[in-house]
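For the sequence shown, position 48 (counting from the first letter as 1) is numbered 48 according to UniProt numbering, and the numbering increases by one without interruption.
Think of the CB as a built atom: it goes at the ideal place given N, C-alpha and C, for glycine as much as any other residue.
Working notes for the structure below.
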Amino acid sequence: MNILCVYPEFPDTFWSFKHALKFVNKKTAYPPLGLLTVAAMLPEAWDKRLVDLNVRALLNEDLVWADVVFISAMTVQREAARRVIIQCNTAGVAVVAGGPLFTMEFEEFSGVEHFILNEGELTLPPFLADLAKGEPHHVYRSSEFPDMALSPPPLWSLLHLADYASMSVQFSRGCPFNCDFCNVTALLGRKPRIKCTEQVIAELDGLYQAGWRGPVFFVDDNFIGNKRYLKQALLPAIIAWRQDKAGFSFSTEVSINVASDDELIDLLVRAGFNKVFIGIETPGDEGLSECGKGQNVNRDVIADTKHLQRSGLAVHGGFIVGFDSDGADIFQRQFDFIQQSGIVFAMIGMLQAPPGTELYARLEKEGRLLGAISGDNINGGTNILPRMGLDVLEEGYTALFDRLYSPQGYCARVKTFLSECQAHAWKQLHATPESKAHDEPSLSMNGQAGSGRSPNEVAMMTHTDRLEQSTRLYCPFK
Numbered sequence: 001m002n003i004l005c006v007y008p009e010f011p012d013t014f015w016s017f018k019h020a021l022k023f024v025n026k027k028t029a030y031p032p033l034g035l036l037t038v039a040a041m042l043p044e045a046w047d048k049r050l051v052d053l054n055v056r057a058l059l060n061e062d063l064v065w066a067d068v069v070f071i072s073a074m075t076v077q078r079e080a081a082r083r084v085i086i087q088c089n090t091a092g093v094a095v096v097a098g099g100p101l102f103t104m105e106f107e108e109f110s111g112v113e114h115f116i117l118n119e120g121e122l123t124l125p126p127f128l129a130d131l132a133k134g135e136p137h138h139v140y141r142s143s144e145f146p147d148m149a150l151s152p153p154p155l156w157s158l159l160h161l162a163d164y165a166s167m168s169v170q171f172s173r174g175c176p177f178n179c180d181f182c183n184v185t186a187l188l189g190r191k192p193r194i195k196c197t198e199q200v201i202a203e204l205d206g207l208y209q210a211g212w213r214g215p216v217f218f219v220d221d222n223f224i225g226n227k228r229y230l231k232q233a234l235l236p237a238i239i240a241w242r243q244d245k246a247g248f249s250f251s252t253e254v255s256i257n258v259a260s261d262d263e264l265i266d267l268l269v270r271a272g273f274n275k276v277f278i279g280i281e282t283p284g285d286e287g288l289s290e291c292g293k294g295q296n297v298n299r300d301v302i303a304d305t306k307h308l309q310r311s312g313l314a315v316h317g318g319f320i321v322g323f324d325s326d327g328a329d330i331f332q333r334q335f336d337f338i339q340q341s342g343i344v345f346a347m348i349g350m351l352q353a354p355p356g357t358e359l360y361a362r363l364e365k366e367g368r369l370l371g372a373i374s375g376d377n378i379n380g381g382t383n384i385l386p387r388m389g390l391d392v393l394e395e396g397y398t399a400l401f402d403r404l405y406s407p408q409g410y411c412a413r414v415k416t417f418l419s420e421c422q423a424h425a426w427k428q429l430h431a432t433p434e435s436k437a438h439d440e441p442s443l444s445m446n447g448q449a450g451s452g453r454s455p456n457e458v459a460m461m462t463h464t465d466r467l468e469q470s471t472r473l474y475c476p477f478k
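Right under this line is the structure:
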């Protein structure tokens, strides 16, 4: 059987990095990790191909070859997924759909023969068994959460690695926290389930053997959900693995309590992690308490952020406006907070209520829902009726976004970050042997006696060197 795995196109959003990709000469940011994992679960005798629509178009000849199309998508890919389904229907090719979008909204899609919902480790095997008997059902779903030992290494051989700015791997699913606007716990549960160290190292080995030398994003919604295992097993193993693997660096998503664990921070940095995304959301404890984000309450998050920056971890932050407790001053408060933190890479959006969340259930009862979410964090839209009024929220959000990403606002955050990050220390922490060899001559010129350079020249070179390091750190793919 010929299986064509199709990944719909991302619209121009924060996470698509469409406009940054040209600077690193790549076609798209990350590979479709879920589809590659599903492909690895299909019978080995089946022929498999991948068409990532973020890399190239889906052609008629692709569909002529295919017996079945497997499609996976997230909410933000909704409209692109519809177009793929229509194209497959027109060509007369059966469609099998799964992933977060279809798990939450499968009733909204026609033209799909089979839905493989929730986590594929549980729902794909019964579909394959029924298919072999000629009796496949329309919908396969499960309320259980699988053991991560069931998850195979992704089928990297389907990728053309050079098209991608970063690779992706997964260590865990689920999050111990329960923010009311987040659908992670609805999809994946509150108890973090982890792959063993051997699984993760095998996936990294697979990337290395495939020829990858570059950044890797751990896609976990909260990488530090099981801190004990990280500290005792996984991070020491990655540190050892990296000793003879030049070119690899890592990034991930964590919760703010990482800043209270210096042992964990040290291990992350030694393992090659140089960027973490943290959901900070709002500077006020009122909003944090309202949404159930207790892990951020009663913390000096600016101090936490600067501690992480000084330790070798650039912080990318997520922020939200539109909580019920937000007043008209929230836009200025958010601006001041983000500027003071030195978080250059700030994703700020209006509050949205995804299906399956506590927020969605509450606002549905209150008659305050406006329809489906877009999945785009920064499109200036929301599916809720905010207490402050929709016009006030939209106007305040637009002005805040413009201020944050004006040249003045952006450069001010870069300067704040540079004042904290200690560029020389960052180089020693994160440099590969190749980059150390490249950087040592410039370091020797910057301020050494007998260089023949004036103090102004030395200062300019030092500033340029620090700016280069900041650019590397805040590019998502370096």
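Asked                                                                                                                                                             : Found
Please list, in chain order, all residues of the same chain as D285 whose beta carbon is under 6 Å from its beta carbon, the five residues on each side excluded. : V297
Comparing alpha-carbon positions, which option in P407, I302, L390 lies nearest S341?                                                                             : I302
Comparing C-alpha positions only, which one of D304, I194, A361, I238 sits nearest to I280?                                                                       : D304
How should A81 be labelled, buried or exposed, when 16 other C-beta atoms within 10 angstroms of its C-beta is the threshold for buried?                          : buried
Within 10 angstroms of its Cβ, does W156 collect 16 or more other Cβ (buried), or is it exposed?                                                                  : buried
Rounded to whole angstroms, what's the CA-CA distance from H114 to T382? Just pull it up for me.                                                                  : 31 Å
Assuming E121 contacts S151 under a Cβ cut-off of 8 Å, what Cβ separation, rounded to an integer in Å, is found between them?                                     : 6 Å
Does DSSP put R453 in a helix, a strand or coil?                                                                                                                  : Note that R453 scores 43 on pLDDT, short of 50, meaning its location in the model is unreliable and no value can be drawn from it.
Along the chain, which unbroken stretches of the alpha helix (DSSP H) at least 4 residues long are found entirely within the stretch 41–116?                      : 60–65, 78–91, 100–105
Taking only three categories from DSSP, how would you classify H424?                                                                                              : Residue placement at H424 cannot be trusted, given a pLDDT of 42 that sits under 50; what the coordinates show is reported in the next sentence. Here H424 sits in helix by DSSP.
Taking a contact to mean a Cβ-Cβ separation below 8 Å, would you say V93 touches S72 in this structure?                                                           : no
Between which two residues does the alpha helix (DSSP H) containing L369 stretch?                                                                                 : Counting along the chain, L369 falls outside any alpha helix (DSSP H), and DSSP gives it neither H nor E.
How about I256 and Q295: do their beta carbons lie closer than 8 Å?                                                                                               : yes
Measuring alpha carbon to alpha carbon, tell me which of I265, V69, P192, P386 ends up nearest N178.                                                              : P192
What's the gap between the Cα of A149 and the Cα of T416?                                                                                                         : 43 Å
Taking DSSP as the reference, what is the three-state secondary structure of S249?                                                                                : strand
Quickly, what does DSSP pair L4 with across the bridge? List them, please.                                                                                        : R49, V69
So, helix, strand or coil for Y30, using DSSP?                                                                                                                    : coil
Assuming contact is defined by CB atoms lying nearer than 8 Å, are G225 and C175 in contact in what I supplied?                                                   : yes
On the three-pair Cβ rule with 8 Å, is the stretch 344–355 touching the stretch 167–174?                                                                          : no
Kindly identify the DSSP beta-bridge partner or partners of H316.                                                                                                 : F277
Which same chain residues end up closer than 8 Å to Y360 when comparing Cβ atoms and leaving out the 5 residues on each side of it in sequence?                   : A353, P354, L369
Could you tell me the boundaries of the alpha helix (DSSP H) in which A346 lies?                                                                                  : Premise fails: A346 lies in the beta strand (DSSP E), 346–350, not in any alpha helix (DSSP H).
Using the C-alpha atoms, what's the distance from E119 back to residue 552?                                                                                       : Here the chain comprises residues numbered 1 to 478, so residue 552 is not present and cannot be evaluated.
Do D324 and E290 count as a contact pair if the criterion is CB distance below 8 Å?                                                                               : yes
Rounding to the nearest angstrom, what Cα-Cα distance links A412 and A45 in this structure?                                                                       : 56 Å
State yes or no: is the C-beta of V6 within less than 8 Å of the C-beta of L58?                                                                                   : yes
So who's on the other strand from P11, going by DSSP bridges?                                                                                                     : None, per the DSSP bridge assignment.
Using 10 angstroms around the beta-carbon of N25, count the other beta-carbons present and answer buried if the total reaches 16, otherwise exposed.              : exposed
Flag this pair as yes or no: are the beta carbons of L351 and V321 separated by less than 8 Å?                                                                    : yes
For the beta strand (DSSP E) containing V392, name the first residue and the last one.                                                                            : V392 -> not in any beta strand (DSSP E); alpha helix (DSSP H) instead, spanning 390–404.
Just tell me which of G34, D12, L187, N2 has its CA closest to the CA of W65.                                                                                     : N2
K18 by DSSP, collapsed to three states: which one?                                                                                                                : coil
Smallest Cα separation from P43: which of L50, I85, V55, L128?                                                                                                    : L128
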